[in-house]
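Protein chains: 2
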Amino acid sequence: MSKEQTIPYKIYLSESEMPKQWYNVRADMKDKPAPLLNPATLKPMGFEDLRPVFCDELIKQELDNDTAYFDIPEEILNFYKMYRPSPLVRAYCLEKALDTPAKIYYKFEGNNTSGSHKLNSAIAQAYYAKKQGLKGITTETGAGQWGTALSMASAYFGLDLKVFMVKVSYEQKPFRREVMRTYGASVTPSPSMETEVGRKINAEHPGTTGSLGCAISEAVEVATHSEGYRYVLGSVLNQVVLHQSIIGLETKAALDKYGIEPDIIIGCAGGGSNLGGLIAPFMGEKLRGEKDYRIIAVEPASCPSLTRGVYAYDFCDTGMVCPLAKMYTLGSNFIPSANHAGGLRYHGMSPVLSKLYDDGYMEAISVEQTSVFEAAEKFARTEGILPAPESSHAIKAAMDEALKCKETGEEKTIVFGLTGTGYFDLVAYQKYNDGEMTDFIPSDEDLKKSFATLPKVD
Amino acid sequence: MSKEQTIPYKIYLSESEMPKQWYNVRADMKDKPAPLLNPATLKPMGFEDLRPVFCDELIKQELDNDTAYFDIPEEILNFYKMYRPSPLVRAYCLEKALDTPAKIYYKFEGNNTSGSHKLNSAIAQAYYAKKQGLKGITTETGAGQWGTALSMASAYFGLDLKVFMVKVSYEQKPFRREVMRTYGASVTPSPSMETEVGRKINAEHPGTTGSLGCAISEAVEVATHSEGYRYVLGSVLNQVVLHQSIIGLETKAALDKYGIEPDIIIGCAGGGSNLGGLIAPFMGEKLRGEKDYRIIAVEPASCPSLTRGVYAYDFCDTGMVCPLAKMYTLGSNFIPSANHAGGLRYHGMSPVLSKLYDDGYMEAISVEQTSVFEAAEKFARTEGILPAPESSHAIKAAMDEALKCKETGEEKTIVFGLTGTGYFDLVAYQKYNDGEMTDFIPSDEDLKKSFATLPKVD
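Going line by line, the protein sequences match chains A and B.
If you use my numbering, the first sequence corresponds to residues 3 to 460, in order.
If you use my numbering, the second sequence corresponds to residues 3 to 460, in order.
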């Protein structure tokens with residue numbers, strides 16, 4: 003009996019094996035990511051500049067490029083125990099279906115009611131808000147994954163939560179809205195008449211169905227104008243990548259437990275929260291020169307920030323009220339086509355990942371929507387799990403790498419992040435099932451136009 | 003440090019600890035459940051009578067009242083490994099929220115794409131159909147949980163699947179339909195024009211939105227008229243209770259691993275598939291006089307087959323084409339009100355459970371819908387999981403028992419079955435969130451009328 007055969011379908015860590023600290027990959031970067039800039043002064047933003055918007059403890063995490071490990075507070079560890087560790091699954095059935103010598107593993111983050119990895123950071127952000135004695139927090143949500151996760155976290159700590167949900171999603175995704183309401187969040191379609199910016203946009207664009215940028219602006223306005231409230235965000239920020247390192251740390255612990263050495267690590271990339279978390283400890287080894295891995299970011303061809311964007315300072319939001327971040331971006335005015343992977347339709351990319359990519363520590367590829375749903379369907383039928391469209395980008399790339407192994411006969415070990423389930427994405431699956439899904443790739447000219455609107459920063 | 007503190011939030015069995023056999027509780031019953039009767043002759047149905055409808059191996063399981071253990075075939079064990087073992091969760095947060103000395107555990111069956119325990123029997127039934135060399139299987143589905151589970155199982159074994167979905171659900175639950183289609187099932191709204199019975203019903207009742215009884219009749223007609231097809235069913239039958247014993251066997255193994263002795267075991271009861279499976283090994287001990295447990299079936303007040311029904315022979319379907327079963331029933335003509343727990347809206351109850359209940363081995367209670375959703379909301383906010391309305395009946399009963407312990411100071415150990423998630427039940431949650439949910443209890447007169455239509459059997 004080979005060692006191989008002793009590896010179970012699902013590797014679960016015991017509670018005592020679960021990570022007790024988050025890992026901050028910035029600590030091992032020789033060249034640090036560029037700082038956030040004040041959009042008015044173009045000066046780096048410090049602790050005091052960020053205090054009106056974010057919770058104190060989270061700002062410290064955001065600005066700390068040196069501390070490698072942060073203790074996870076016990077209250078958060080206890081919440082993690084309710085839905086973590088997530089399983090590292092050996093995709094035996096998919097390997098068989100592909101007839102590949104590759105060994106495929108996926109870290110499955112979808113086994114919680116929010117349906118994705120977003121809960122890992124939501125519970126941390128809610129905790130620090132509660133600890134600071136705040137009454138509540140505000141946020142925006144597009145497709146609703148982040149809003150759902152934050153509703154669960156806020157309910158757990160008895161924190162008030164106000165979610166601005168892009169109006170078109172509010173109307174078209176009533177089920178996501180109801181999950182948030184069941185957890186006690188107030189959900190307002192954006193643009194609303196409750197904020198200055200909302201009233202202005204409604205007046206200027208009567209009948210608008212909203213945008214993520216506008217929802218962010220509304221959430222920030224309410225947070226900064228309400229006593230005892232702060233604003234929180236589910237991706238892009240350094241603090242989010244820090245919290246999400248729990249994914250990678252568990253993955254590494256599970257692999258180490260069975261002496262498995264991955265060759266390739268793959269994650270889908272929108273704002274970078276999942277990818278940054280999944281690869282963190284592996285990237286750390288790579289940065290320290292201890293190990294080498296191929297690390298691949300997968301983005302939609304319709305919103306290709308790493309593969310076709312520029313590395314420059316840009317606004318994090320389309321409303322241009324947030325700090326400037328240096329990142330791979332398509333321009334904050336870039337309007338992605340209606341790709342069904344809502345979580346990947348972000349114009350920019352985490353500054354940490356952008357820097358690592360720019361320094362050559364990872365690869366990036368883009369894939370088209372229809373091929374992603376083909377992969378999703380195959381995965382669902384062989385591995386049982388109906389994947390989120392976002393996650394399916396990583397599935398597609400992992401399958402392609404496994405098929406290359408079939409050609410070459412190499413027994414590579416591939417690990418990918420399965421960030422979530424597709425239970426609230428069935429409109430997209432219906433389109434695919436009906437043969438009505440299309441692909442869209444922005445033209446060079448469109449991108450050029452969008453790049454022209456980037457803010458001028460030296 | 004007390005022993006108590008060493009119990010993790012979630013108890014997972016390792017692959018080697020997973021049950022390798024199903025347990026047949028009928029083997030330990032001194033008085034066996036009454037046999038199925040041929041509706042025309044009123045004679046007990048034997049192997050040959052059932053062959054045109056059901057798979058051979060499944061008929062053997064259906065009729066076998068003596069074999070205590072059935073080996074689970076390796077192909078099924080491998081599929082189980084993809085989503086099992088399911089966790090036995092210690093509800094620490096719920097206990098704290100209720101401030102109860104009781105210890106609450108729940109066996110969570112919702113962590114798979116079908117969203118419920120139904121997959122445990124679906125994969126078994128699909129396997130035996132494939133093994134028999136059949137081309138495909140047919141079934142009906144109401145709310146869609148069973149149809150989804152069977153789609154996943156059929157895709158795994160490359161079996162054709164034809165699902166007749168009650169027309170009103172087909173139209174109102176397009177997402178469930180799309181999951182089934184993604185797994186390759188053909189889904190037909192019932193009544194259809196594809197069957198004789200469907201055409202007849204459409205002609206007699208133009209514009210009808212269908213019923214479960216009609217869908218069953220269509221599925222049986224197609225199975226018996228198509229070469230290489232058989233019909234399968236997701237609850238009520240003895241074979242289903244047998245397959246679902248995996249729930250109880252895992253629960254017992256997990257409890258034994260930590261030396262935990264339950265006092266009360268609680269499950270929701272519709273057709274009886276979950277309850278029968280959860281309690282099987284515990285009931286076995288009780289029947290053999292080795293242990294005693296309080297075992298409680300929880301049903302909706304709107305469809306109270308155990309608490310207000312009669313123990314008599316009745317049709318399993320409203321179309322009256324299936325065998326007669328002796329069970330607690332409200333009459334096959336009973337039309338339950340629009341309770342949102344679709345999986346519990348069945349007029350009858352598993353003959354095995356009916357017999358055990360009639361012989362005094364278990365209790366039954368009924369609970370009202372609004373109180374069930376109150377419990378569901380509290381559970382979601384404290385334990386993180388958004389529960390299915392069906393499962394929430396067990397939550398409600400478990401919470402009530404825990405609150406009784408608070409009054410008496412007793413440290414009872416309560417185990418309940420959390421059969422699934424409510425991700426496809428958000429129309430119901432919306433009603434609850436909007437304060438528009440109502441309760442309905444059938445009147446004694448309504449029940450009396452329904453009982454009058456029971457078939458006459460000595």
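Quick reminder that beta carbons are idealized off the backbone N, C-alpha and C, glycines included.
query: Taking buried to mean at least 16 other C-beta atoms within 10 Å of its own C-beta, is GLN1 of chain A buried or exposed?
result: This structure gives no information on residue 1 of chain A, because the portion of chain A shown stretches from 3 to 460.
In angstroms with no decimal places, state the Cα-to-Cα distance between GLN134 of chain B and SER373 of chain B. Going by the C-alpha atoms only, they are around 46 Å apart.
For LYS32 of chain A, which residues in the same chain have their Cβ closer than 6 Å to its Cβ, ignoring the five residues on either side in sequence?
Closer than 6 Å at the Cβ level, and outside the excluded window around LYS32 of chain A, lies no residue.
Margin query: Let's test the definition: count the other Cβ atoms within 10 Å of the Cβ of PRO391 of chain A and tell me whether it reaches 16, buried, or not, exposed.
Written below: PRO391 of chain A sits buried, since 16 or more C-beta atoms from the chains shown fall within 10 Å of its C-beta.
**Prompt:** What is the DSSP secondary structure of LEU52 of chain A, counted as helix, strand or coil?
**Reply:** In this structure, LEU52 of chain A counts as helix in the three-state DSSP scheme.
Are the CB atoms of VAL91 of chain B and TYR71 of chain B nearer to each other than 8 Å?
Contact flag unset, no.
Leaving out five residues before and five after GLY200 of chain A in sequence, what residues of the same chain have Cβ atoms less than 6 Å from its Cβ? The beta carbon of GLY200 of chain A sits closer than 6 Å to the beta carbons of PRO193, SER194, GLU220 from its chain, once the five residues preceding and following it are set aside; these are given in chain order.
*Residues of chain A with a CB under 7 Å from the CB of ASN113 of chain B: which are they?*
Those within 7 Å of ASN113 of chain B in chain A are ASN113.
**Asked** Per DSSP, TYR330 of chain B forms a beta bridge with which residues?
**Response** TYR330 of chain B pairs with B:TYR313.
Next on the checklist: For VAL243 of chain A and TYR130 of chain A, I'd like the C-alpha separation in whole angstroms.
Outcome noted: C-alpha separation (whole angstroms): 16 Å.
message: If you measure between the beta carbons of ASP316 of chain A and ALA327 of chain A, is that distance less than 8 Å?
response: Cβ distance < 8 Å, so ASP316 of chain A and ALA327 of chain A count as in contact.
Quiz item: In angstroms, rounded to a whole number, what distance separates the CA positions of LEU52 of chain A and TYR158 of chain A?
Solution: Cα to Cα, LEU52 of chain A sits roughly 26 Å from TYR158 of chain A.
In its own chain, which residues sit with a C-beta less than 8 Å from the C-beta of MET364 of chain A, not counting the 5 before and 5 after it? So the qualifying residues of the chain are ILE281, MET285, ILE297, ILE298, ALA299, LEU355, LEU358.
Inset, instruction - Could you give the DSSP three-state label for GLY422 of chain B: helix, strand or coil? - result: In this structure, GLY422 of chain B counts as strand in the three-state DSSP scheme.
So, helix, strand or coil for GLY215 of chain A, using DSSP? Three-state result, GLY215 of chain A: helix.
Discussion item. Please classify GLY291 of chain B as buried or exposed, where buried requires at least 16 other C-beta atoms within 10 Å of its C-beta.
Written reply: Exposed, since its Cβ has fewer than 16 Cβ neighbours within 10 Å.
When you compare the CB of VAL181 of chain B with every CB in chain A, is at least one pair closer than 8 Å?
Interface residue, yes.
### Message
Counting only beta-carbon separations shorter than 8 Å, does ALA70 of chain A have a partner in chain B?
### Response
Taking Cβ atoms only, chain B never reaches closer than 8 Å to ALA70 of chain A, which makes this a no.
Item to complete: Determine the chain B residues that contact GLY386 of chain A at a beta-carbon separation under 7 Å, and present them in chain order.
Response: Here the neighbours are MET84, TYR85, ASN114, THR115, MET154.
Return the residue from the list B:GLU196, B:ILE139, B:LEU308, B:PRO191 that minimises the CA-CA distance to PRO54 of chain B.
-> Relative to the Cα of PRO54 of chain B, the nearest Cα in the group B:GLU196, B:ILE139, B:LEU308, B:PRO191 belongs to B:ILE139.
Cutoff 8 Å: TYR11 of chain A Cβ touching any chain B Cβ: Interface residue, yes.
Legend entry - Neighbour flag for GLU379 of chain A against chain B, beta carbons, 8 Å: Closer than 8 Å: yes.
Can you check whether the C-beta of VAL371 of chain A is within less than 8 Å of a C-beta belonging to chain B?
The question names Val, but residue 371 of chain A is Gln in the sequence shown. Chain B contact via Cβ: absent.
For this session: Could you check which residue in B:ILE249, B:HIS245, B:THR143, B:LEU214 has the C-alpha nearest to that of PRO75 of chain B?
Result: Minimum Cα distance to PRO75 of chain B is reached at B:HIS245.
_By the DSSP assignment, the beta strand (DSSP E) with ILE367 of chain A in it spans what residues?_
In this chain, the beta strand (DSSP E) harbouring ILE367 of chain A covers 365-369.
- prompt: For GLY186 of chain A and chain B, any beta-carbon pair shorter than 8 Å?
  reply: So, interface residue.
Worksheet item: What are the residues of the segment 16-34 of chain B that lie near chain A, defined by any Cβ-Cβ distance shorter than 8 Å?
Response: Listed in sequence order: SER16, GLU17.
Discussion item. Need the endpoints of the alpha helix (DSSP H) that ALA399 of chain B sits in, please.
Written reply: Per DSSP, ALA399 of chain B belongs to the alpha helix (DSSP H) from 391-410.
Three-state secondary structure (DSSP) at PHE453 of chain B?
-> DSSP places PHE453 of chain B within a helical segment (H, G or I) once states are collapsed to three.
Among A:GLN432, A:GLN127, A:PHE381, A:GLY437, whose alpha-carbon lies nearest the alpha-carbon of LEU100 of chain A? Per the Cα distances, A:PHE381.
### Task
Could you tell me which uninterrupted beta strand (DSSP E) segments, each at least 3 residues in length, are contained entirely in the segment 212-261 of chain A, listed from first to last along the chain?
As for any beta strand (DSSP E) of minimum length 3 sitting wholly inside the segment 212-261 of chain A, the runs are 231-233, ordered along the chain.
If contacts are defined as beta-carbon pairs under 8 Å, then SER304 of chain B and GLN371 of chain B qualify, I think. What distance do you get, rounded to the angstrom? Confirmed, Cβ separation roughly 7 Å.
Q. Hey, how far is the Cα of TYR313 of chain B from the Cα of ASN80 of chain B?
A. Looking at the backbone, the Cα of TYR313 of chain B and that of ASN80 of chain B are separated by about 39 Å.
Pop quiz: VAL234 of chain A and THR141 of chain A are said to be a contact at Cβ under 8 Å. What is the actual Cβ separation, rounded to whole angstroms? Contact annotation, VAL234 of chain A with THR141 of chain A: C-beta distance approximately 5 Å; criterion of less than 8 Å satisfied.
> Taking Cβ-Cβ distances shorter than 7 Å, what residues in chain E pair up with ALA256 of chain B?
Replying inline: This model lacks chain E altogether; the protein chains it does include are A and B.
Alpha carbon to alpha carbon, how far is GLY386 of chain A from CYS95 of chain A?
-> Cα to Cα, GLY386 of chain A sits roughly 9 Å from CYS95 of chain A.
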